[in-house]
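What follows is a set of notes on a single structure, which appears directly below.
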Amino acid sequence: NIDRGNHSSHDLEVFTTGMVVNYSCDPGYSLLGEASIYCTDSGNWSFPPPQCAGGCGAPPNLTFAELTEKYRNLMEFPVGDTVRYRCQLGYTRHPGISPTLTCLPNQTWSEALEFCKRKQCRYP
563 NIDRGNHSSH DLEVFTTGMV VNYSCDPGYS LLGEASIYCT DSGNWSFPPP
613 QCAGGCGAPP NLTFAELTEK YRNLMEFPVG DTVRYRCQLG YTRHPGISPT
663 LTCLPNQTWS EALEFCKRKQ CRYP
């Protein structure tokens, strides 16, 4: 098996010559290498098993917000995953702007809009 993916013959233990194994990746990850490999006459595989890669690393630290507990210690996120932030002390939510970032297909995080604004005292 491969990390963040699987292959079509996971229930088999013995592979005879000519047998083909097809690999696929979990949603949000892309296949690096050959999707199909076969057992050759020499008893070796035609290609090394592929890998599943992709996604984004840890989301950025923001001065005005912090990641919610659920996402704080994670280091890898598939494409399409969304993380949520909470405003730092002294900041309040900016209405109409979602406190989230999304892992984009180019494996970067979406732009961090200022969804939290510094609290202000009203005129006395």
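Just so you know, we're using the working numbering here: the sequence shown kicks off at 563 and counts up by one.
Ideal placement from N, C-alpha and C gives every residue a C-beta, glycine not left out.
In this text the structure is predicted, and so the values were computed from the model without any measurement.
Can you tell which of SER586, SER592 and ASP603 has its C-alpha closest to the C-alpha of PHE577?
Residue ASP603 is the option with its Cα nearest to PHE577.
Per DSSP, what kind of secondary structure is GLU575 in: helix, strand or coil?
Three-state DSSP puts GLU575 in coil, outside helix and strand.
Helix, strand or coil for GLU631? Go by DSSP, reduced to three states.
In the three-state reduction of the DSSP assignment, GLU631 falls in the helix class.
Rounded straight-line distance, which links the Cα of GLN650 to that of VAL582
53 Å
So, under 8 Å CB-CB, SER598 and GLY616 are touching, yes? Tell me the CB distance rounded to an integer number of Å.
So it is not a contact: roughly 20 Å between Cβ atoms.
Presumed contact (8 Å Cβ cut-off) between GLY642 and GLY567, rounded CB distance:
In fact, because the Cβ distance is near 16 Å, the residues do not count as touching under 8 Å.
If you run the structure through DSSP and keep just helix, strand and coil, what is PHE626?
Here PHE626 sits in coil by DSSP.
Do the CB positions of HIS572 and TYR585 come within less than 8 Å of each other?
With contacts defined by Cβ atoms closer than 8 Å, HIS572 and TYR585 do not form a contacting pair.
Would you grab the beta carbon distance between LEU629 and VAL645 for me? Rounded to a whole angstrom, and I think it's under 8 Å.
6 Å
Look at the alpha carbon of GLU575 and the alpha carbon of ASN606, and state the distance between them as a whole number of angstroms.
Pairing GLU575 with ASN606, the inter-Cα distance amounts to about 15 Å.
Secondary structure of ALA674, DSSP reduced to three states
Correct three-state label for ALA674: coil.
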